[in-house]
Amino acid sequence: MAHPDTRGAATGAGDRSRPRAVLPALCVTQITGWGIVYYAFPVLLSRITADTGWSAGTVTAAFSAALLVSAAAGIPVGRVLDRRGPRAVMTGGSVLAVLALLTVAAAPGPVVFLAGWTAAGVAMAATFYHPAFAAVTRWWGPDRVRALTVVTLAGGLASTVFAPLTAALAEHLSWRATYAVLAAILAVVTVPTHALALRAPWPPATPTPAAAPDPGGRPGAKTPRTARSRPFLLLAAALTLSGFAMYAVVIGLVPLLTERGADTTTAAWALGLGGAGQTLGRTLYATLARRTGPTARTALLMAAGGVTTAALALVPGPVAVLVLLAVLAGVVRGNLTLLQATAVSDRWGTADYGRLSALLTAPATVAAALAPWAGAALAGGPLGGYDGLFVALAACSAAAVLLALASGRRPPPGGAPPTGGPRAVSGH
Numbered sequence: 005m006a007h008p009d010t011r012g013a014a015t016g017a018g019d020r021s022r023p024r025a026v027l028p029a030l031c032v033t034q035i036t037g038w039g040i041v042y043y044a045f046p047v048l049l050s051r052i053t054a055d056t057g058w059s060a061g062t063v064t065a066a067f068s069a070a071l072l073v074s075a076a077a078g079i080p081v082g083r084v085l086d087r088r089g090p091r092a093v094m095t096g097g098s099v100l101a102v103l104a105l106l107t108v109a110a111a112p113g114p115v116v117f118l119a120g121w122t123a124a125g126v127a128m129a130a131t132f133y134h135p136a137f138a139a140v141t142r143w144w145g146p147d148r149v150r151a152l153t154v155v156t157l158a159g160g161l162a163s164t165v166f167a168p169l170t171a172a173l174a175e176h177l178s179w180r181a182t183y184a185v186l187a188a189i190l191a192v193v194t195v196p197t198h199a200l201a202l203r204a205p206w207p208p209a210t211p212t213p214a215a216a217p218d219p220g221g222r223p224g225a226k227t228p229r230t231a232r233s234r235p236f237l238l239l240a241a242a243l244t245l246s247g248f249a250m251y252a253v254v255i256g257l258v259p260l261l262t263e264r265g266a267d268t269t270t271a272a273w274a275l276g277l278g279g280a281g282q283t284l285g286r287t288l289y290a291t292l293a294r295r296t297g298p299t300a301r302t303a304l305l306m307a308a309g310g311v312t313t314a315a316l317a318l319v320p321g322p323v324a325v326l327v328l329l330a331v332l333a334g335v336v337r338g339n340l341t342l343l344q345a346t347a348v349s350d351r352w353g354t355a356d357y358g359r360l361s362a363l364l365t366a367p368a369t370v371a372a373a374l375a376p377w378a379g380a381a382l383a384g385g386p387l388g389g390y391d392g393l394f395v396a397l398a399a400c401s402a403a404a405v406l407l408a409l410a411s412g413r414r415p416p417p418g419g420a421p422p423t424g425g426p427r428a429v430s431g432h
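Positions 5 to 432 (my numbering) are the ones given, in order, by the sequence shown.
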């Protein structure tokens, strides 16, 4: 028998070499997939409404529906990932994404437009971070944090690359032709890359040793029991509240700054610099992961998110200080992305990573889809502006911290771990 190699994938069979093509392939496809399927939409939104006469609410609702479908589809996709690996899932998802965008581009009315985005939601579940994280977690094992950081750093470049490209195409083409060109790029880049680079055998997973000491689940426990456990449900609730606050802050940052007297260009730069801060934050996560446990790390990052949100709400200026706070908020967001990616493997191992991760993050994905609408409605209504909204979002983050801390508490000695009811987490 070959001597175990700690550099191999965490499969329980350390002599199996890690597939070298996977990481660069996923970096390229994450940039392309996110850039075209996700970030092209806000660039083309005004052109779509102007050309079709459809309301911004109707067009945005179709895109939000895609995010909701993605959350629901992630659960069955996770089951397939656990059993079969990412090749068929991500290749098929790439083909579906191309067909979905072509449907969007050709849509004669809002119904077909919605159908195209619904299909795109399934494609998102099969090609975005979730399956990429599952692949990296299984193949990279103990070194997964470093590999996950590389993938998310690449993903963070998606808007940098494709937002300007989309805008440049739209200057010369209609929004329909622009989507058609982008769909062609998506087909050429992602379909063969996923089909060829993800061919390595999908190894059996074993619970990671790092997961054993953390309360809230036993490595190797069956997925249904883990998903109904009190720690799992509390962690899912914490991630949902934190995710809602995080995405509402992103959407609300520009109007908040314009309320404070910043011009639109400066506010947009603040948002862009926040994205740069997000990339910086991801480079720091590996160090944080080495020095903190899962529960403490979760609570710390959520608390940091609440502090930056509260500061944006309460600090009146000058604008340069607000821009700095936006960058710091981005640093926290970058860490929170990796926190979600490692939440399951840090606590319950990798055996059922695909499905458990989908179950854990589905409510947060739904919250992210609803955050733009809810934030705007609250700011324009009961909260009386974006200052009030950001105070409320800071309170959401504080509640998330309490839930995160509670999720790490061990059950009483001699007692069975409390579990949620049979319908607490639904896979339907």
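Beta carbons: idealized from backbone N, C-alpha and C, even for Gly. Here the structure is a predicted model, which means the values were calculated and not measured.
Each of 41, 155, 142 and 381 was checked against the Cα of residue 357, and the nearest Cα belongs to 142.
Boundaries for residue 43: no alpha helix (DSSP H) harbours it, and the DSSP string shows neither H nor E there. Taking a C-beta distance under 8 Å as the contact criterion, residue 39 and residue 165 qualify as a contact pair. In the structure shown, residue 81 falls within a helical segment according to DSSP collapsed to helix, strand and coil. Cβ neighbours of residue 383 within its own chain (closer than 8 Å, five residues either side excluded): 256, 259, 389, 390, 392 and 393.
Annotated three-state conformation of residue 135 is helix, per DSSP. For residue 177, no alpha helix (DSSP H) segment is defined, and its DSSP state is neither H nor E. Put simply, the segment 61-77 does not touch the segment 139-156. Fewer than three CB pairs are less than 8 Å apart. Exclusion of the five residues before and after residue 344 leaves 365 as the residues of its chain whose Cβ lies within less than 6 Å of its Cβ.
In the structure shown, residue 266 falls within a coil segment according to DSSP collapsed to helix, strand and coil. For residue 37, the secondary structure class from DSSP, reduced to helix, strand or coil, is helix.
Between the segment 226-235 and the segment 99-119 there are fewer than three C-beta pairs closer than 8 Å, too few to call the two in contact. Rounded to the nearest whole angstrom, the CA to CA distance from residue 203 to residue 120 is 29 Å. For the segment 139-172, the full-length alpha helix (DSSP H) segments reaching 4 residues or more read 148-159 along the chain. 8 Å or more divides the Cβ of residue 331 from the Cβ of residue 265. A check of alpha carbon separations from residue 228 across 363, 283 and 307 identifies 363 as the nearest.
The beta carbon of residue 94 is closer than 7 Å to those of 130, 131, 135, 198 and 202 in its chain, skipping five residues each way along the sequence.
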